[in-house]
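Participant: Encoded as C-alpha cells, here's the structure I'll be asking about.
Residue numbers (this note's numbering), protein chains in the order written: chain A, 937 to 1450; chain B, 12 to 434.
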C-alpha cells in the first residue's frame, strides 16, 4: 500500500501487490458493509488475445474442440482488429473458486472496478441466486469441462473426426432445446456425472463379449399391443428436452454419441440460468461495484482523480439510449438492472406514498442490504421486473408499450405508456420480454410410432402467430433426423389446434450409421 | 484469494478451432482467396487480409421464430399517448428479434493471416519437375569434416593425430630413446673391460631395436577426412524479362506483372532469400528497377537475344549457379526480328537453360482476344521448336487477367511431375 493518504494506488499503474490490496479492501467492504457471501476468488490477468480466445469458447477457460468456436473466434477477431468492437474489461466464470479474468490493459482504477464488479458482485449472485443453485454446479464445472474436452478428443481418435463433428453439429443445433426447464428429481452433480461416464465406459469394456450378439432373443414383444397412452408415458412424453429424449431413446445411436449429446446437454443446462438473469446479474454486479467504489472513495483510499475516472466508465456502462437513438439496440441490462437496484434502495430507505402503496412489504423497512440480498437470491429477470419495477422508474425511463399486429394495416398501436393506466401493463409486457417461456419456441416431442415406421413426431405450439423460420427449421430438423435415424416430423399448431405447417425430414443416413 | 498471471501462457488457444473452421470451409475460403488475389497489387499478395465467404454449410442453425404479432416495451417516450397508431415505416418500428452474429446470408467476413492466405493461395502448387531435379533444385554439395582416415592426399595429413599415434606405438613397443644410448656410451668411457663388453652388446641391441622401430611408421599416418554433404541453397534469383517495345500495351504489361507476382510469391515461400532482377529490352536490353520496368517509357525494335545475353552476363557476374537457384520468366507479345531467332535460340539452349531451374515464357495478348485465336508469333514458333528438341521450357498464352492464375497453376501443378515420373 502506498503511504500517502492511504491510497490503494496512484495513477494508472498496478502490480500484483496492489491488486492484492485492492482485493482485500473490496472484500472488507463487501463482507462487513454489504454482507455479501461469495465463493473464494481467483483473479487471472490475461492479454487481449487470450480474451478473444475466451470469447470464442463461451468465456470458459477450457472447452472441447469444434469448428464453430473457430468461426466465432475469426468473427470476433475481425471485428476487434477493425476497431468495431471493444473487448470486455473482464469475464467471470460461475465456478468455485470463482475465476475472474482481468485484462492487462486496464488501469488500476479499472482493475478495482472490475474486481468489485466481478469478484464480488457476480460472485455473490452466482453463489446465492436460486437458479444458479438449482441448475449449476460451480464446484464441478471445470472438472466436467476438462472431462468433456478429453472425452471428445478420445472419441475423435476412436471414431474419426468427421463422425464426432457431425454428432456435435447436430447436438449444437438442438442445444436451445436440450434444457430441463423445471426442477427434476435431483440436482446436477457434474463430478458424479464425470465419474459415472468413466464407469459406464469401463463396464462396457469389461463386459464386452461378442457372443452375446449371437444369442437369439426370442420373439419381440409386440409394441403394437401397447396402447398409445401407455407408450407415451413409458417414453416420458411429451418431452420438451429434445437432447435428453434423443440420448435416452434414439434407436441407433452409439453409446459414445449418447455421451456426446449428454455433454452438450449438460453444458446447455449450465448456461441456462445466465440467459434468464442478465438484468439481475449485471444489475447486482453494477450496484455492488458502485457501492464499493463509492465507499473506497469515502474512506480516502481512492483519489478524487481516480474516482472521476471510475465515474466516467460507470456512466458509460449504465447508459441507456432512447428507442429513437441510433445507438439503441434494446435494453441495456446494466442500465435497467442498476436503475432498479437503486430504486429499491430508495424505496426501502426513503419511500413516498406511491411506493408505500405499490410496495407495502419493503417500503421504509430501512435495511437496504437485507432486502436486496433477498431479491438477489430469489428472483430471475422476469419475476424481478414484474415485482419491483416501480411507477417512478417507468416514468423516469419513459417506457411505453407497442403492439404490432401485422393484420392491422393502419400501423403499430401504442398500447400503454407511463401513466396511471399503463404502469401495470408496461410492467407486465416488459417482464414478459425476459420470460424464457416466451422467448424460446415451445417445441415438444409428442409421439414416436414405434410399431410403424418409427417416425418421431414433434409439435411446435405457435404463440402469437410467430412461426419458425423455414430454412433454419429444416436444417435443425435435418440434424435431428440424422441423430434419430428415422423420419422426423414437426407440426406447427396454433392455440386452436389448427395445423399451420408441417415438416417431414428423412435422415441422411451417414451420421447415425457411423 | 489467488492472483494468477496468465499472460505468459501459450497463446493461440483457439488456433486448433480456427484451423478446423478453415478446413471445413476450405473450398469456400480458397475460392474467396483466389478472387481477392486477382484484384490485388503485386506486393500485397503476400499480405493476409479480410475475406468474405458465403455461409452455406457453415451456419449453425437454431429454431428461430419470426413474424406474428409482436409486443415490445421501449424506453424514451417523447410524445406518444395510449391509443396512437404509428405508421409502420416510421421511427417507432422495432427491430427484428435477433440479428444473429455474422450468420446473415450475405456472407461471413473474417481476417486470414498472411501465412494462411499464401498457403491457400498456393495450395497445391509445387516446383516444376520436382522429382527429376530434386537435388539440383534446392541443394548443392558442400564439404564438411568427418573424422580421420588412413588414406588420403598428402595435403590432408593430420600432423598432430599422426604424431600422437606414433608416440603411442613407440611407447608400446619400447623403442629406446636416444638419450638412453648416449648415457650408456658415456658410461663406456670410464669402466673396466668386462663391463665395457657387456655395455657394448647392450648398446648394439638397443641400436638395432632403435632402427627396427621407426619414429613414424606408415601405419601411424592419419589424414583428415571430408565428407560431401548436400547443402541447401537457400537463395534464389528470379529474372523477369520483358519486351517493352511499342507493341506492348499497358494491359499486356499488367498481365506479365501478375505472372511475375505469382512466381515471386512462390519463390519466397520456398527460399529464404529471393532476389529479383528486372531486365527489359527493346532492341537492346538493360537492367532496371521495378518501377522503370513496369512504367518506364521505352521504344525501339525487338531483339530477344539482347535480353537473354544480358541475363547470361548477370548470371555470370553475380549469381553463381552453384549458389543460386535461378528462375526466369519472360513475357512478350511474341514479336521478334526474324534474324534474331537463331541467336536467341542458341543463347537459350546453350547458356541459359543449363543453369536455370525453370524458364517460363508467357505470351500476352490483348483483352478479349481468345488465346486460341492468337496466331503463333515468331517467338512462340521459335520456342516451340526448341521445346520439340527437348529444351525444358514452359510456355503459355494469356490474354486476360483471370487466366493468369490457371496458367500458373497449370505450369506448376503437381500432376505434371507424376506424369513425368511415370514413364
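Glycine included, C-beta positions come from ideal geometry on N, C-alpha and C.
State the CB to CB distance for the pair residue 1213 of chain A and residue 1317 of chain A, rounded to an integer number of angstroms; the pair is presumed to be in contact (CB under 8 angstroms).
Facilitator: Right, their Cβ atoms sit about 6 angstroms apart.
Participant: CB residue 987 of chain A to CB residue 1037 of chain A, shorter than 8 angstroms?
Facilitator: In this structure, residue 1037 of chain A lies closer than 8 angstroms to residue 987 of chain A by Cβ.
Participant: In angstroms with no decimal places, state the Cα-to-Cα distance between residue 1035 of chain A and residue 969 of chain A.
Facilitator: For residue 1035 of chain A and residue 969 of chain A, the distance between alpha carbons rounds to 23 angstroms.
Participant: For residue 992 of chain A, which of helix, strand or coil comes out of DSSP?
Facilitator: DSSP places residue 992 of chain A in helix when its eight states are reduced to three.
Participant: Using a Cβ-Cβ cut-off of 8 angstroms, state whether residue 1001 of chain A counts as contacting chain B.
Facilitator: So, interface residue.
Participant: Would residue 1192 of chain A pass as a contact of residue 1047 of chain A if the rule is Cβ separation under 8 angstroms?
Facilitator: No; because the gap between Cβ atoms is not below 8 angstroms, this pair is not in contact.
Participant: Compare the C-beta of residue 1411 of chain A against all C-beta atoms of chain B and say whether one is closer than 8 angstroms.
Facilitator: Chain B, which has a Cβ nearer than 8 angstroms to the Cβ of residue 1411 of chain A, makes this yes.
Participant: Give, in chain order, every unbroken run of the beta strand (DSSP E) that is at least 3 residues long and sits entirely within the stretch 202-282 of chain B.
Facilitator: The qualifying runs are 234-243, 246-254.
Participant: May I ask which residues mark the beginning and end of the alpha helix (DSSP H) holding residue 1208 of chain A?
Facilitator: Its alpha helix (DSSP H) spans residues 1191-1212.
Participant: Would you mind sorting residue 1432 of chain A into buried or exposed? The rule is 16 or more other CB atoms within 10 Å of its CB.
Facilitator: Answer is exposed; the Cβ neighbour count stays below 16.
Participant: The ligand HEM and residue 377 of chain B: does any heavy atom of the ligand fall closer than 7 angstroms to the residue's C-beta?
Facilitator: Only the bare structure without any ligand can be found here, which leaves the ligand HEM out of the picture.
Participant: Who does residue 1329 of chain A pair with in a DSSP beta bridge?
Facilitator: In DSSP, residue 1329 of chain A forms no bridge with anything.
Participant: Who are the Cβ neighbours of residue 1129 of chain A in its own chain at under 7 angstroms, not counting the five residues just before and after it?
Facilitator: Within the same chain, residue 1129 of chain A has close Cβ partners 1080, 1202.
Participant: Just reading off the beta strand (DSSP E) that residue 1026 of chain A is part of, what are its end residues?
Facilitator: First-last of the beta strand (DSSP E) with residue 1026 of chain A: 1026-1029.
Participant: Can we say the stretch 1294-1304 of chain A touches the stretch 1039-1059 of chain A, given the rule of at least three CB pairs closer than 8 angstroms?
Facilitator: The stretch 1294-1304 of chain A vs the stretch 1039-1059 of chain A: no contact.
Participant: Check whether the Cβ atoms of residue 237 of chain B and residue 187 of chain B sit closer than 8 angstroms, and answer yes or no.
Facilitator: Going by C-beta atoms, residue 237 of chain B is not nearer than 8 angstroms to residue 187 of chain B.
Participant: Please name the residue or residues paired with residue 76 of chain B in a DSSP beta bridge.
Facilitator: Note: residue 76 of chain B sits in a beta bridge opposite A:1404.
Participant: What would DSSP say about residue 1273 of chain A, mapped onto helix, strand or coil?
Facilitator: Helix at residue 1273 of chain A.
Participant: Indicate the three-state DSSP secondary structure (helix, strand or coil) for residue 1354 of chain A in the structure shown.
Facilitator: In this structure, residue 1354 of chain A counts as coil in the three-state DSSP scheme.
Participant: Going by C-alpha distance, which of B:277, B:353, B:69 is nearest residue 37 of chain B?
Facilitator: Closest by alpha carbon: B:69.
Participant: Counting only the same chain and skipping the five closest in sequence on each side, list residues whose C-beta sits under 6 angstroms from that of residue 1366 of chain A.
Facilitator: Closer than 6 angstroms at the Cβ level, and outside the excluded window around residue 1366 of chain A, lie 1321.
Participant: Going by C-alpha to C-alpha distance, which of A:1380, A:963, A:1183, A:1417 sits closest to residue 978 of chain A?
Facilitator: Ranking A:1380, A:963, A:1183, A:1417 by Cα distance to residue 978 of chain A puts A:963 first.
Participant: Taking the straight line between their C-alpha atoms, what separation do you get for residue 1330 of chain A and residue 1319 of chain A?
Facilitator: Going from the Cα of residue 1330 of chain A to the Cα of residue 1319 of chain A covers about 16 angstroms.
Participant: Out of A:1348, A:1071, A:1355, point me to the one whose CA is closest to residue 1333 of chain A's CA.
Facilitator: Of the listed residues, the one whose Cα sits closest to residue 1333 of chain A is A:1355.
Participant: Tell me which residues share the same chain as residue 1179 of chain A and place their Cβ nearer than 6 angstroms to its Cβ, disregarding the 5 neighbours each side in the sequence.
Facilitator: The answer, listed in chain order, is 1110, 1114, 1197, 1201.
Participant: Please compile the residues from chain B whose C-beta is within a distance smaller than 8 angstroms of the C-beta of residue 1085 of chain A.
Facilitator: What residue 1085 of chain A touches in chain B: nothing, since even the nearest Cβ is about 11 angstroms away.
Participant: Beta carbons nearer than 8 angstroms to chain A: which residues of the stretch 348-375 of chain B have them?
Facilitator: Answer set for the stretch 348-375 of chain B: empty.
Participant: My assumption, with CB atoms under 8 angstroms, is that residue 266 of chain B sits in contact with residue 375 of chain B. Please give the rounded CB distance.
Facilitator: Going by Cβ atoms, the distance from residue 266 of chain B to residue 375 of chain B rounds to 4 angstroms, so yes, they are a contact pair.
Participant: Could you tell me whether the stretch 310-317 of chain B touches the stretch 339-353 of chain B, where touching means 3 or more Cβ pairs closer than 8 angstroms?
Facilitator: In short, these stretches touch, since the Cβ pair count reaches three.
Participant: So, with DSSP's three-state summary, where would you put residue 102 of chain B?
Facilitator: In this prediction, residue 102 of chain B scores a pLDDT of 42, lower than 50, which makes its location untrustworthy; the coordinate-derived value is nonetheless stated afterwards. Looking at residue 102 of chain B - three-state DSSP - the assignment turns out to be coil, as it is neither helix nor strand.
Participant: Under 8 angstroms between C-beta atoms, does residue 69 of chain B make it to chain A?
Facilitator: So yes, residue 69 of chain B belongs to the interface.
Participant: Which residues of the stretch 392-413 of chain B have a Cβ closer than 7 angstroms to any Cβ of chain A? Give them in chain order.
Facilitator: Here the close residues number zero.
Participant: Please name the residue or residues paired with residue 1171 of chain A in a DSSP beta bridge.
Facilitator: Beta-bridge pairing links residue 1171 of chain A to no other residue.
Participant: Have a look at B:20, B:12, B:29 and flag the residue whose alpha-carbon is nearest the alpha-carbon of residue 956 of chain A.
Facilitator: Nearest C-alpha to residue 956 of chain A: B:12.
Participant: Let's see if you can read the secondary structure: which residues bound the beta strand (DSSP E) around residue 1397 of chain A?
Facilitator: Per DSSP, residue 1397 of chain A belongs to the beta strand (DSSP E) from 1392-1397.
Participant: Going by the beta-carbon positions, is the gap between residue 1420 of chain A and residue 1392 of chain A smaller than 8 angstroms?
Facilitator: Yes; because the gap between Cβ atoms is below 8 angstroms, this pair is in contact.
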